[in-house]
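Here's the structure, in structure tokens; my notes come after.
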Amino acid sequence: MTFEQFKNFAKKFTAIPVSKRMLADVLTPVSLFMSIRENGFYPFLFESVEGGEHLARYSFLGSNPYQILQLKGEELSLSVSGQIYDLNESYFSALRRLTSEHREPKIPGLPRLTGGAVGFSSYETIREVEYLPDQPGDGLDIPEAVWSFYDEVYAFDHVKQQIVLMKTVFVDKDTDLQEAYDNALLRLSRMEEVALNSTIKGGDFSLDTSMLKSNMTKEYFRRMVDKAKGYIFEGDIFQVVLSQRFEVPFRGDKFTLYRALRMVNPSPYLFFLDFRSFSLVGSSPEVLVRVTGDEARLLPIAGTRKRGVTHDEDIALELELKNDPKEIAEHIMLVDLGRNDLSRVCKPGTVKLERNQAIERFSHVMHIVSDVVGDLEKDKGPVDALMQCFPAGTVSGAPKIRAMEIIDELEPTQRGPYAGAVGYFDFSGNMDTCIAIRTMVVTGNTVYIQAGAGIVADSHSQSEYEETKNKAGALIEALSVALEITH
13 MTFEQFKNFA
23 KKFTAIPVSK
33 RMLADVLTPV
43 SLFMSIRENG
53 FYPFLFESVE
63 GGEHLARYSF
73 LGSNPYQILQ
83 LKGEELSLSV
93 SGQIYDLNES
103 YFSALRRLTS
113 EHREPKIPGL
123 PRLTGGAVGF
133 SSYETIREVE
143 YLPDQPGDGL
153 DIPEAVWSFY
163 DEVYAFDHVK
173 QQIVLMKTVF
183 VDKDTDLQEA
193 YDNALLRLSR
203 MEEVALNSTI
213 KGGDFSLDTS
223 MLKSNMTKEY
233 FRRMVDKAKG
243 YIFEGDIFQV
253 VLSQRFEVPF
263 RGDKFTLYRA
273 LRMVNPSPYL
283 FFLDFRSFSL
293 VGSSPEVLVR
303 VTGDEARLLP
313 IAGTRKRGVT
323 HDEDIALELE
333 LKNDPKEIAE
343 HIMLVDLGRN
353 DLSRVCKPGT
363 VKLERNQAIE
373 RFSHVMHIVS
383 DVVGDLEKDK
393 GPVDALMQCF
403 PAGTVSGAPK
413 IRAMEIIDEL
423 EPTQRGPYAG
433 AVGYFDFSGN
443 MDTCIAIRTM
453 VVTGNTVYIQ
463 AGAGIVADSH
473 SQSEYEETKN
483 KAGALIEALS
493 VALEITH
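Position in the sequence shown (first residue = 1) + 12 = my numbering.
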């Protein structure tokens, strides 16, 4: 971008991404991330493997956010340049305000994420919108939400074997445009130096998988299922998703867990978010809600089978899944719930089913997936879509509010990030969030892994218990792979 182009964009936009490309044929997203975290704080890495086997074109990385929005308990704060300010507004109101205060131009050739807010909203943030009286205890002691705002992003282009370096410049009527443009070029040069000094230095890692334990016994889980079925027979709900949480102590470099997970369970949403005192390490298969322009999109996943050992067994399991009346009924119910959620923020008559009951395969399981889209109302934006679709019906139940009350009653601890949202808001008004499933929460010297199963009228407690173990299986396998990487 020339200075003249920059100056013209400054007439209409308040955020302008200045960019530079560099050769990256001897680098990887992993080595680049290791360099970035050595030179900054709150580093993140987003990657995507589509359909379980096709690497998406870009991996996104960043560090050193210029501001951080955090919700912990009843305290909402904004950290800017080391100064922490208490906010006297609701969490979702602050998130809406901060993610909409800038607009940037769409520049041909740049990837979709040039800068913006990256972070998570835990399952518990639904309490900012709905009153749920029977709140269980918190076993993690981490914030309910953290959104870090980045004005410097690295996009690793796997097709061209290049890194796109992007520095967003914020401008207003008083900005010295020449100085701002020159400073952006200097920052891009500094970002290039960081990338060129990329390191493959990884830390030690150790754990004993035999020490893996759950926050409940098998009998406790079976009693949860029986109680949930009682509520179903009484007519309170049609379905509820109940989960158990596994934990195991470890020592060493948390990023090793991500390196292992991306090998074991490649997924559409691969992420590593490091918040110093804790980290999220994920490989989610499921969109929560995505907003592109004025279009909102959900991809409900409900219906699961483990992958077959052979091709023939895989096909047989697919046919079994497609013809399982329980799985199909559960999927239809949750698609309808998704349509209802989108209808609250979309124009009447625009919500439609684009793809119905497709089978998508992942490393350990296959799922039934549908695609629901709609056009947002003019006065609604990404945060409104997130609020109305949160949490996803596929991790809560139907009707959603009563299902969440039952989850609070039956599960022994708060869910934390599990079943919440992870993703980003860019400076163009777009949002992409996934459901925080197949996700590790790493805090202190403990790794937490949580997985759930959808309970309906004809559920069998043993098979639902096994489903939670199957869903956690890829992450538990990644623990062993992490040991192999470092030994």
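Virtual Cβ for every residue (Gly too), placed ideally from N, Cα, C. Quantities reported herein were computed from a predicted structural model and do not represent experimental measurements.
Beta-carbon proximity of residue i to residue j, cut-off 7 Å
i	j	result
Phe182	Leu125	no
Leu282	Glu59	yes
Leu388	Val407	no
Asp286	Pro55	yes
Asp420	Leu90	no
Pro411	Phe132	no
Ile96	Phe290	no
Tyr270	Phe284	yes
Thr445	Val301	yes
Met399	Val158	no
Ser226	Gln256	yes
Pro280	Glu62	yes
Pro120	Phe21	no
Leu152	Leu177	no
Val276	Val493	yes
Thr111	Phe437	yes
Ser222	Leu39	no
Gly52	Asn76	yes
Ser47	Val237	no
Leu487	Met452	yes
Ala314	Leu346	yes
Phe233	Val459	no
Val92	Gln82	no
Gly149	Thr455	no
Ser134	Gly432	yes
Contacts around residue i, its chain only, beta-carbon distance under 6 Å, and the 5 residues preceding and following it disregarded
i	result
Gly127	Tyr162, Asp163, Val165, Thr180 and Phe439
Ser355	Val363
Pro360	none
Ile449	Ser296
Gly215	Gly264 and Asp265
Ala415	Ile249, Val252, Ser408 and Gly409
Leu329	Arg317 and Gly320
Arg6	What is shown of the chain runs 13 to 499, which leaves residue 6 out entirely.
Residue i (DSSP reduced to helix, strand or coil)
i	result
Glu307	strand
Phe168	strand
Tyr460	strand
Asp348	helix
Arg69	coil
Thr268	helix
Pro77	coil
Ser279	coil
Arg2	Limits of the chain in this structure are 13 at one end and 499 at the other, which puts residue 2 out of reach.
Gly441	coil
Tyr436	strand
Asp286	strand
Val468	coil
Ile497	helix
Arg302	strand
Gly485	helix
Lys84	strand
Ile449	coil
Thr480	helix
Beta-carbon proximity list for residue i, same chain, < 8 Å, skipping 5 on both sides
i	result
Val171	Arg69
Glu87	Asp98
Glu9	As shown, the chain starts at 13 and ends at 499. That puts residue 9 outside it, with no answer to give.
Leu417	Just to set this straight, residue 417 is Glu in the shown sequence, not Leu. Excluding positions up to five away in sequence, the list reads Leu144, Pro145 and Asp146.
Asp326	Arg319, Gly320, Arg373 and Met378
Arg108	Gly393, Val395 and Asp396
Lys334	Ile340, Gln369, Ile371 and Ile380
Close Cβ partners of residue i (< 7 Å) along its chain, the five nearest in sequence each way excluded
i	result
Gln369	His343, Ile380 and Ser382
Lys84	Pro155 and Glu156
His114	Thr26, Ala27, Phe182 and Phe439
The region 240–250 touching the region 27–46, judged by at least three CB pairs closer than 8 Å: no
Segment contact, 8 Å Cβ cut-off, at least three pairs: the region 303–323 with the region 370–390: yes
Every unbroken alpha helix (DSSP H) inside the region 190–263 [4 residues or more]: 230–245
Minimum length 3: unbroken beta strand (DSSP E) runs contained in the region 126–185: 128–133, 157–162, 164–169 and 174–182
Within the region 349–434, ranges of the beta strand (DSSP E) (whole runs, at least 3 residues): 364–373 and 377–387
Touching by the beta-carbon criterion (3+ pairs, under 8 Å), the region 296–310 and the region 389–405: yes
Those runs of the alpha helix (DSSP H) which lie wholly inside the region 94–131 and span at least 4 residues: 103–111
Cβ contact check for the region 187–196 and the region 466–474: 3 or more pairs under 8 Å: no
In chain order, each alpha helix (DSSP H) run of at least 4 residues that lies wholly inside the region 27–68: 41–50
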